[in-house]
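Numbering follows the numbering used here, with no gaps: position 4 of the sequence shown is 6.
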Amino acid sequence: MRIFSLISSKMMIILFIDFSIRWEIVYLYRLTTVLITFKSILHNFFAICVKIQYSFIILYKLKLIQKKSLLMISSLYEIEKWHFLL
């Protein structure tokens with residue numbers, strides 16, 4: 003009887019260790035899944051931020067081109083005005 007209880011207690015310990023290892027594997031799997039999902043969300047967020055940044059850069063460059071073209075038009079107008087006066 004003593005041998006059976008010793009084997010039984012060892013089996014309980016083995017079952018407990020096996021059960022805890024399974025839960026650790028499940029926990030690590032869930033944690034990995036959450037981290038991968040979080041990484042993909044962050045990746046998408048930063049991709050959107052980069053696209054917005056490029057949009058602002060393009061708008062800024064278009065604004066500069068618009069200012070330069072207005073400046074060129076006004077300078078041409080001034081040249082024509084002075085040419086007409088001379």
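Ideal placement from N, C-alpha and C gives every residue a C-beta, glycine not left out.
In this structure, the alpha-carbon of residue 73 lies about 30 Å from that of residue 53.
In this structure, the CA atom of residue 46 is about 45 Å from the CA atom of residue 76.
Non-local C-beta neighbours of residue 44 in its own chain, meaning closer than 6 Å and more than five positions away in sequence, are absent.
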